[in-house]
Structure formats: C-alpha cells, structure tokens
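Residue numbers (my numbering): 443 to 669. Just below is one structure, and these are the notes that go with it.
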C-alpha cells in the first residue's frame, strides 16, 4: 500500500502506532472513527486544560497543533485519496532519499517526514538570534553608544565585529567571544520545530537518531556491516 507522504506520519502522531502498522490500520479506518479518536486526544491536549492537568501550556499547544494537522491530513485522505495525494505531493518530497550526509532540516524534508513549508518555518525561527551589538553590550564589552558609533563608522559590507576591532573598540578575543556567545544563544533547529508545534520531542529524538545513522552510513558505506 503506497501512501502519500505525510499520511503515515499523521497516523503515527494521532494514533500512536508504529510506522509499520500504518497500512493495515489505515485500510480499516473509517471517518467516524477518526473524528472520535481526534476528539478524545485533543481533550487532553487543548492549551486551556494546562492548569487542570498541571502541564505547561506551551507543551499542550505543540501537541494540539500536531494533532490538528494530523487530523486534517487524514480527513482529506479518507474523503478523497487521489486529491489528497496530489496535494501532499506538492508539499512533501516524493522521491528517493539522497545518499549523502544531510543536516536535520534536509533530512526531515528528503525523508518525507515534514513538508518544506514546515522546515522553512523552523529555519526562520532558528536564524533569529541576538545581534552582535546587543550581545557585546550584554557581555559588558561596550555600551549602546559604542555600538552606535561602530555602526556609523563601519565600512560597506564590513561585519560589525570586524569594524569594532579595526576601530579598537573591541579586541579580537572579545569579538570572538561575542560570536561564540551568539552561537550559544541560537536555538537549535530541532527545538524550534518543537516550539512551533511542528514536531513532538519524542518524535524529534527518533529522527535525530535516524539522521545520525544515515549520515554515518554515508560517510562510511561499510558501517552497516560493522560488528
């Protein structure tokens, strides 16, 4: 049973079953069963129930969004499998997985686990980080006025940190410390995806493990036969 990309994942998310069980399970699934199970699952995942359940509302928001997306995907599939397949194939990668090492976003997309729109949303969030100037101020290396002076006096296309060193307002070591702190404060892509409700933490852990295995085999094609 060849399923459109995204349908298998929706089953895993909504019904908590193993991927290998999806084809048989889906062949017996009826619309009224889908509706009933969805209502039951969201009853314990709606953000409004955070206080009664003693759970962080952000966690419930993530779960609720995942369940809602899974329900929409399966509802479309059950009502019109062919149209659903065409729609999903426009969003999901529907070809062989590239035989090369991949970063997390690439792996999630090229394995058909997430549509590119979801990966792009995660990457956009991932790229948000404190500016060099704000980080330098927070570390006590210079003040806001100093940052403004560097901004005004830096050359075209010159990085702010390089300008600060050239103008002797920061040492090379301080510049490197600021860059390192910027990187430390940058939220990892996986965490961004869970924050946005695009993946569950457990799901992310499984995919990180799978990505690591994939990349290991790509670097060493004989690794799979190693003892």
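All C-beta atoms in this analysis are idealised placements derived from N, C-alpha and C, irrespective of residue type, glycine included.
The Cβ atoms of residue 627 and residue 572 lie closer than 8 Å to each other.
For the set 632, 609 and 588, the Cα lying nearest the Cα of residue 651 is the one of 632. DSSP, read as helix, strand or coil, puts residue 604 in helix.
Counting along the chain, the unbroken alpha helix (DSSP H) around residue 501 starts and ends at 499-521. DSSP, read as helix, strand or coil, puts residue 579 in helix.
One alpha carbon belongs to residue 623, the other to residue 494, and they sit about 38 Å apart. For residue 629, there is no enclosing alpha helix (DSSP H), as DSSP marks it with neither H nor E. The three-state reading of DSSP puts residue 659 in helix, counting H, G and I together. In the DSSP annotation of this structure, the continuous segment of the alpha helix (DSSP H) that includes residue 550 starts and ends at 546-552.
In this structure residue 517 does not touch residue 546 by the C-beta definition: roughly 29 Å separates them, more than the 8 Å allowed.
Assignment of residue 494 by DSSP, reduced to helix, strand and coil, places it in the helix class. Shown here for residue 568: same chain residues with a beta carbon closer than 8 Å to its own, the five before and five after excluded, namely 628, 629, 630, 631 and 634 in chain order.
Listed in chain order, the non-local C-beta contacts of residue 574 below 7 Å within the same chain comprise 602, 603, 620 and 624, local neighbours out to five positions each way being set aside. The count of Cβ pairs closer than 8 Å, one atom from the region 500-515 and one from the region 475-492, reaches three, so the stretches are in contact. Annotation: the continuous alpha helix (DSSP H) that includes residue 558 extends over 558-568.
Of all alpha-carbon atoms in 585, 599 and 577, the one lying nearest the alpha-carbon of residue 618 is that of 577.
Rounded to whole angstroms, the separation of the alpha carbons of residue 613 and residue 600 is 16 Å. Between the beta-carbon of residue 555 and that of residue 649 there is about 6 Å, and that keeps the pair under the 8 Å contact cut. Counting only residues of its own chain and dropping the five nearest sequence neighbours on each side, residue 464 has a CB closer than 6 Å to the CB of 450 and 453. A Cβ-Cβ contact shorter than 8 Å links residue 502 with residue 488. Bounds of the alpha helix (DSSP H) holding residue 485 are 473-485. Exclusion of the five residues before and after residue 473 leaves 520 as the residues of its chain whose Cβ lies within less than 6 Å of its Cβ.
In this structure residue 539 is exposed. Its beta-carbon is surrounded by fewer than 16 other beta-carbon atoms within 10 angstroms.
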